[in-house]
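Engineer: Every number in our numbering is 13 more than the matching position in the sequence shown, counting from 1. Here a beta-carbon is modelled for each residue, glycine too, at the ideal position from N, C-alpha and C. The structure's right below; bear with me while I get my questions together.
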Amino acid sequence: MLLNIDFFLIKSLLSSVVIPRLSINTTPLIEQCWQCQRKIDRIESPAYCPCEKHVVLPVRTDIDYFRLFDLARSFEIDTKQLTRTFRNRMKFLHPDLFSNKSDIEKIYSQDQSSLFNNAYKTLLSPLARAHYLLKLENITLEDSPIQLEPDFLMRIMEINEELIEENKPFPLELAIEMRQEIDNHMKQLSIALNKMDLSKAKEILARLQYFNNINDKLIELETQHDII
């Protein structure tokens with residue numbers, strides 16, 4: 014009996030795991046509104062002045078993405094809250110709202126809109142979120158790539174070759190294997206982040222990228238084979 018698999022559910026495993034919170038700096042950033050001169054804590058009001066006019070503020074590059082959305086710096090986040098906060102912020106930041114405003118307000122709105130869109134996309138994606146958490150600790154895969162075991166890389170190459178072969182049935186066993194690999198590695202990532210073992214987290218993330226790429230190809234094959 015064939016097992017029906019929803020590969021979008023497989024992909025959602027990347028966002029379902031519970032990972033303990035990392036540290037967050039809550040030090041206030043006080044400055045004056047450029048228009049009304051009101052004192053503002055930019056942590057509480059990162060995008061616009063809390064006055065009645067909601068004057069848009071210049072971007073602060075020293076406020077991380079989590080702070081923009083009132084979230085603790087953690088891999089485990091409430092994505093529904095993230096989306097709600099994003100939509101609420103954009104009610105006052107969309108560039109179309111500033112067509113009749115001053116040039117400086119147009120620039121600020123464009124900058125803030127771009128920042129919040131990038132931040133939202135980053136935190137919404139589990140892999141991008143993990144990369145960002147490591148980046149906040151000055152760790153990136155690009156600057157110092159992980160040297161994974163030759164056996165692992167060989168296995169990845171074999172899987173990719175298998176996926177491009179034509180006229181083959183859908184690789185159901187491989188799909189199940191990838192689901193298990195993603196699930197297991199997410200649990201390992203949880204443990205590494207909880208211990209603040211960032212080098213281990215970086216290694217696990219490197220593996221997850223390979224598994225996620227394979228999973229993307231399996232989703233494409235699922236569509237081609239019209240699997241429900």
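1. Rank I90, V68, D54 by C-alpha distance to the C-alpha of W47 and give the top, closest one.
2. Mind checking which residues open and close the beta strand (DSSP E) that includes D54?
3. Grab me the residues of T153's own chain with a C-beta within less than 8 Å of its C-beta, minus the 5 sequence neighbours each way, in chain order.
4. Quick one, which of Q193, Q201, F183 has its alpha-carbon nearest E233's?
5. Helix, strand or coil for N226 per DSSP?
6. Reducing DSSP to helix, strand and coil, say where S112 ends up.
7. Hey, out of I117, K215, E194, Q222, whose CA is closest to R151's CA?
8. Apart from the five residues just before and just after S36, which ones in its own chain have a Cβ nearer than 7 Å to its Cβ?
9. Would you decide whether P63 is buried or exposed? Buried here means 16 or more other CB atoms lie within 10 Å of its CB.
10. For the region 218–225 and the region 193–200, state whether three or more C-beta atom pairs, one from each stretch, are separated by less than 8 Å.
11. At least one CB of chain B closer than 8 Å to the CB of L81: is that the case?
12. Between which two residues does the alpha helix (DSSP H) harbouring Q94 extend?
13. Taking the straight line between their C-alpha atoms, what separation do you get for I204 and I217?
14. Taking buried to mean at least 16 other C-beta atoms within 10 Å of its own C-beta, is N130 buried or exposed?
15. Could you have a look at L221 and say whether DSSP puts it in helix, strand or coil?
16. Considering only C-alpha positions, which residue in the set S157, L136, L166, A141 is nearest to Q94?
17. If we call anything under 8 Å between Cβ atoms a contact, is L149 one with K230?
18. With 16 other CB atoms within 10 Å as the buried threshold, where does S157 fall?
Structural biologist: On the basis of the coordinates in this document:
1. V68
2. 52–54
3. H144, L147
4. F183
5. helix
6. coil
7. It is Asn, not Arg, that sits at residue 151 in the sequence shown. Of the listed residues, the one whose Cα sits closest to N151 is K215.
8. Because S36 sits at a pLDDT of 43, beneath the cut-off of 50, its placement in the model cannot be relied upon, and the following sentence gives the value as read from the coordinates. Within the same chain, S36 has close Cβ partners R86.
9. exposed
10. yes
11. Among the chains in the structure shown there is no chain B, since it carries only a single protein chain.
12. 92–103
13. 11 Å
14. exposed
15. helix
16. L136
17. no
18. exposed
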